[in-house]
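Notes follow once the structure below has been shown.
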Amino acid sequence: GVRGEVTFYDYLSESTNFPGILESSELSEMDLVYAPFHVEPAQFVSDFCQANKIKIIFPINLAANFQQTNPYAFQLSTSKVNLAINLAHDLYELQNGEQLILVRSKIKADSLLEEVFISTYQSLTKIKGKAKIIKANTDNYKNFSKNRVKTWYVSFQSEKDNIIRMLRYTSELNHVKVFGLKEWLEHKEISSTISNVFKFNFESSTYFNYKSEGVIPLHKRYRSTYQADISKMACLG
Numbered sequence: 001g002v003r004g005e006v007t008f009y010d011y012l013s014e015s016t017n018f019p020g021i022l023e024s025s026e027l028s029e030m031d032l033v034y035a036p037f038h039v040e041p042a043q044f045v046s047d048f049c050q051a052n053k054i055k056i057i058f059p060i061n062l063a064a065n066f067q068q069t070n071p072y073a074f075q076l077s078t079s080k081v082n083l084a085i086n087l088a089h090d091l092y093e094l095q096n097g098e099q100l101i102l103v104r105s106k107i108k109a110d111s112l113l114e115e116v117f118i119s120t121y122q123s124l125t126k127i128k129g130k131a132k133i134i135k136a137n138t139d140n141y142k143n144f145s146k147n148r149v150k151t152w153y154v155s156f157q158s159e160k161d162n163i164i165r166m167l168r169y170t171s172e173l174n175h176v177k178v179f180g181l182k183e184w185l186e187h188k189e190i191s192s193t194i195s196n197v198f199k200f201n202f203e204s205s206t207y208f209n210y211k212s213e214g215v216i217p218l219h220k221r222y223r224s225t226y227q228a229d230i231s232k233m234a235c236l237g
């Protein structure tokens, strides 16, 4: 029963006066805005919507602090903060005698995810056998895997050299697992299909598996209705 009008703006077109649109009264009458896919114009539109108290939706995953500065902003994809919270819950449930090492970054922007992860994990019920988080840094984390105890390294680092150095070190250890960020795959040294020898785990809001318990009954209904296999995009939608 909801009716409305949708207006599209090609903000990258040379014929579109993008800053001029924001200065006109036309956009200020909107009830909801979907932000551009590019960060710089998205920031302009976000500032405009905040000033005019208009709700804005970001269709892409942005930096953790980007959304927090605007109370009218919503992120369509799961934020890194929520992924860090999910990781804390998952590691708590999966843990079975492993020691848990958080390798802290020296970059201030990474510390937000680290603090969220720590506070979430520490808020969970204290059960005997569930390891406490041992806080390490990029200089001393290797010391915790020398005792051959099963070890899980967790890191939210964004500095490429430190990430590759840690993955290169842990790839030679059979008793160690690494939990990091999906963004690490953006580095060709890590994601290359030819020379990639690195293994690590990460939380993904777009994870899809035909054999998972949630997908199987949905897939059956989809096949019955449309006579086709469900796609990842259809399932996530």
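Residues 1 to 237 in the numbering used here are what the sequence shown spells out, letter by letter.
Built from N, CA and C at the ideal position, the CB exists for glycine as well.
Bear in mind the structure is a predicted one, so any value in this text is a computation, not a measurement.
Fewer than three Cβ pairs drawn from the region 114–123 and the region 160–177 lie within less than 8 Å of each other, which leaves the two stretches out of contact. Secondary structure in the region 100–184: the beta strand (DSSP E) runs of 3 residues or longer, each lying completely within the stretch, are 133–137, 151–155, 176–180 in chain order. A residue is called buried when at least 16 other Cβ atoms come within 10 angstroms of its Cβ; P217 does not meet this threshold and is exposed.
Under DSSP, F58 forms a beta bridge with Q75. Residue environment: I163 is assigned as buried (16 or more neighbouring CB atoms within 10 Å of its CB, all protein chains considered). By the C-beta density criterion, I101 is buried, having at least 16 other C-beta atoms within 10 angstroms. Cβ-Cβ distances below 6 Å link H219 to I230 in the same chain, with the five nearest sequence neighbours on each side left out; the list follows chain order. One thing to note: L32 has its Cβ within 7 Å of the Cβ of K55.
For Y34, there is no enclosing alpha helix (DSSP H); the enclosing beta strand (DSSP E) has its first and last residue at 32–34.
Counted as a single uninterrupted DSSP element, the alpha helix (DSSP H) harbouring Q50 occupies residues 39–51.
The region 119–131 makes no contact with the region 174–183, as fewer than three CB pairs between them are under 8 Å. For L12, no alpha helix (DSSP H) encloses it, and the DSSP letter there is neither H nor E. The secondary-structure analysis by DSSP pairs N201 across a beta bridge with F179. The beta carbon of R148 lies closer than 7 Å to those of H175 in the same chain, with the five residues before and after it left out. For T225, the enclosing alpha helix (DSSP H) covers residues 215–226. Nearest Cα to S111 within the set A131, E93, K80, Q99: K80. DSSP places Y210 outside any alpha helix (DSSP H), giving it a letter other than H or E.
In the three-state scheme derived from DSSP, where H, G and I count as helix and E and B as strand, N70 is classed as coil. For Y153, same chain residues with a beta-carbon under 6 Å away, outside a window of 5 residues either side, are I101, V103, V178 in chain order. Under the DSSP assignment, S191 falls in the alpha helix (DSSP H) whose first and last residues are 188–191. Note that the C-beta distance between S212 and T78 is not below 7 Å. Per DSSP, L27 lies in no alpha helix (DSSP H) segment and is marked neither H nor E. The beta carbons of I57 and Y92 sit no closer together than 7 Å. Between E203 and L12, the C-beta gap is not smaller than 7 Å, which leaves the two residues out of contact.
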